[in-house]
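Number of protein chains: 2
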Amino acid sequence: MKRQSTRERILVICRTLFNDHGIASVTTAAIAQAAGINEGNLYYYFKKKANILSALFEQFAEEQLALAEQEQDMRAWFQVMWEWRFFYRDSMIIFAMEPALRAGLRELSDQVQGQGRKNLSEMVKSGRMQATEAQLEVLLENSWIISTYWIEYLHSRHGISEVTKEHLDWGYKQMSALFEPYFVPVNEKPASSAAS
Amino acid sequence: MKRQSTRERILVICRTLFNDHGIASVTTAAIAQAAGINEGNLYYYFKKKANILSALFEQFAEEQLALAEQEQDMRAWFQVMWEWRFFYRDSMIIFAMEPALRAGLRELSDQVQGQGRKNLSEMVKSGRMQATEAQLEVLLENSWIISTYWIEYLHSRHGISEVTKEHLDWGYKQMSALFEPYFVPVNEKPASSAAS
DNA sequence: GTCTATAATGAGATAGAC
DNA sequence: GTCTATCTCATTATAGAC
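If you read the sequences in order, they're chains A and B. Per full-length UniProt numbering, the first sequence starts with residue 1, numbered consecutively. Per full-length UniProt numbering, the second sequence starts with residue 1, numbered consecutively.
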């Protein structure tokens with residue numbers, strides 16, 4: 001626990017650099033310098049720059065799946081999207097550098113979104129929500145988009161580069177608004193017009 | 001009308017290439033070749049690659065503002081987002097190459113979104129919609145995100161690289177779903193629970 | 001495992017002839 | 001306006017000493 005392995009340190013550094021500056025702008029020289037090692041040494045751990053992406057994707061997938069399974073606070077979801085924001089934002093560059101990740105990212109999304117679908121269905125079955133199957137699908141996709149691109153939106157639309165907890169809560173609020181009209185008020189008879 | 005000026009041809013080609021491959025992956029050599037001119041000639045028209053971006057931004061802004069002012073079919077909006085999708089998707093690279101565009105893109109967004117706010121307010125005033133001010137703001141931001149990132153979503157989530165009219169209609173449907181719960185049914189007394 | 005070279009490439013950009 | 005030739009430089013990647 002005393003020290004991080006060099007390999008692990010490289011990955012942590014890369015996640016930060018990729019998030020902050022974008023994959024295309026981060027050179028191997030910058031990575032080595034930030035990690036406090038020589039560039040030659042970097043290539044001892046990762047023969048190609050693209051291999052760093054593959055290694056990071058494994059971590060990302062693991063983290064996302066773990067979260068999807070427990071599935072409680074959606075705020076945690078926004079936190080993960082913040083910590084790995086480069087993965088969706090720079091997906092085009094990633095796919096160009098490492099084509100195999102195209103399928104990987106898609107498969108991961110399928111699994112996570114499948115879990116979301118299950119959760120929504122249960123809410124409908126239990127009566128807490130009222131919506132048709134079609135409405136659920138639309139909701140699912142819209143909420144995916146909001147949660148995936150919220151960070152990018154903050155940056156490009158509002159010029160926010162230092163994201164705080166408030167920004168993540170804000171995103172959570174935006175997403176919650178999608179579902180609100182479909183919630184059935186507690187201790188009241190179901191509204192008839194909510195799911196028209 | 002017989003021929004496009006070389007400058008115009010370069011811009012048209014670049015928009016396509018940037019959309020298809022991402023700004024970072026499109027070299028000046030590729031641009032020149034696609035435009036059917038020599039690389040040296042390209043630099044006669046644009047001293048720096050970043051200057052191409054500035055020129056394209058002018059066109060983009062003009063097109064978007066024109067659309068925002070007439071403001072009728074939202075489907076046209078998705079069409080524009082498709083034709084200029086690289087602008088939001090690659091914003092980080094754009095800002096790095098031409099910092100001045102950061103302010104430009106933001107200002108443009110402000111104007112366009114301001115127009116959207118006006119339209120929504122009018123719908124509420126005229127009674128076709130029922131929502132609080134706060135709800136309108138949330139709606140405005142969510143619809144912005146959906147419309148801005150819909151194309152990117154299709155690509156990275158569903159692997160769609162050839163976008164058809166159906167895909168744009170689908171996006172329109174997704175966005176419409178945001179507003180539906182707040183619409184007041186015609187020829188019916190306003191629902192009391194829709195905007196809780 | 002880490003470093004010092006250094007190769008190999010490919011990109012953006014310029015000068016000057018036509 | 002367009003081309004040829006060339007330059008500069010950053011970037012990825014490798015070989016081999018320590």
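Virtual Cβ for every residue (Gly too), placed ideally from N, Cα, C. Source: prediction; values computed, not measured.
Secondary structure of residue i, DSSP reduced to three states
i, result
"D90(A)", "coil"
"F183(B)", "strand"
"K2(A)", "Note that K2(A) has pLDDT 45, beneath the 50 cutoff, so the model's placement of it is unreliable and the number below is only indicative. Here K2(A) sits in coil by DSSP."
"A195(A)", "For A195(A), the pLDDT reaches just 46, beneath the cut-off of 50, and the residue's location in the model is therefore unreliable, although a value from the coordinates is still provided. A195(A): coil per DSSP, three-state reduction."
Cβ shell of residue i (< 7 Å), same chain only, five flanking positions each side left out
i, result
"Y172(A)", "M74, R75 and F78"
"L168(B)", "R75, F78, Q79 and W82"
"N19(A)", "R85 and F86"
"M175(B)", "M74, S143, I146 and S147"
"K2(B)", "At K2(B) the pLDDT is 45, less than 50, meaning the model places this residue with poor confidence; the figure from the coordinates comes in the next sentence. Once the five neighbours on either side are set aside, K2(B) has no close Cβ partner at all."
C-beta neighbour in chain B for residue i, strict 7 Å
i, result
"I10(A)", "no"
"A177(A)", "yes"
"Q174(A)", "yes"
"V112(A)", "no"
"S161(A)", "no"
"V184(A)", "no"
"V80(A)", "no"
"K2(A)", "Interpretation of K2(A) is limited by its pLDDT of 45, a score under 50 that renders its predicted location unreliable; the figure taken from the coordinates is listed afterwards. So, not an interface residue."
"S109(A)", "yes"
Residues near residue i in its chain [Cβ-Cβ closer than 6 Å; skip 5 each side]
i, result
"R9(B)", "A35"
Residue i at chain A interface by Cβ criterion, 7 Å
i, result
"A24(B)", "yes"
Delimiting residues of the alpha helix (DSSP H) encompassing residue i
i, result
"F46(A)", "Unbroken run through F46(A): none, as it is neither H nor E."
"T27(A)", "Premise fails: T27(A) is in no alpha helix (DSSP H) and is neither H nor E."
"I23(A)", "Unbroken run through I23(A): none, as it is neither H nor E."
"V138(B)", "E133 to H158"
"S161(B)", "No alpha helix (DSSP H) contains S161(B), which DSSP labels as neither H nor E."
"G104(A)", "A100 to K125"
"Q79(A)", "M74 to E83"
Own chain residues within Cβ distance below 8 Å of residue i, not counting five before or after
i, result
"L53(A)", "I23, I94, M97, E98 and L101"
"residue 197(A)", "The structure shown does not extend to residue 197(A), since chain A is modelled only from 1 through 196, so no value can be given for it."
"V124(A)", "Q130, A131 and L136"
May I ask you to list, following chain order, the residues of the region 141-159 of chain B that have a beta carbon less than 9 Å from some beta carbon of chain A?
E141, N142, W144, I145, I146, T148, Y149, W150, E152, Y153, H155, S156, R157, H158 and G159
Residues of the region 92-105 of chain A with Cβ closer than 9 Å to any Cβ of chain B, in chain order
M92, I93, F95, A96, R102, A103 and L105
Residues from the region 124-135 of chain A in contact with chain B, defined by Cβ distance under 9 Å
Q135
Under 7 Å, CB to CB, which of the residues in the UniProt domain "HTH tetR-type" (4-64) of chain A have a partner in chain B?
G22, A24 and S25
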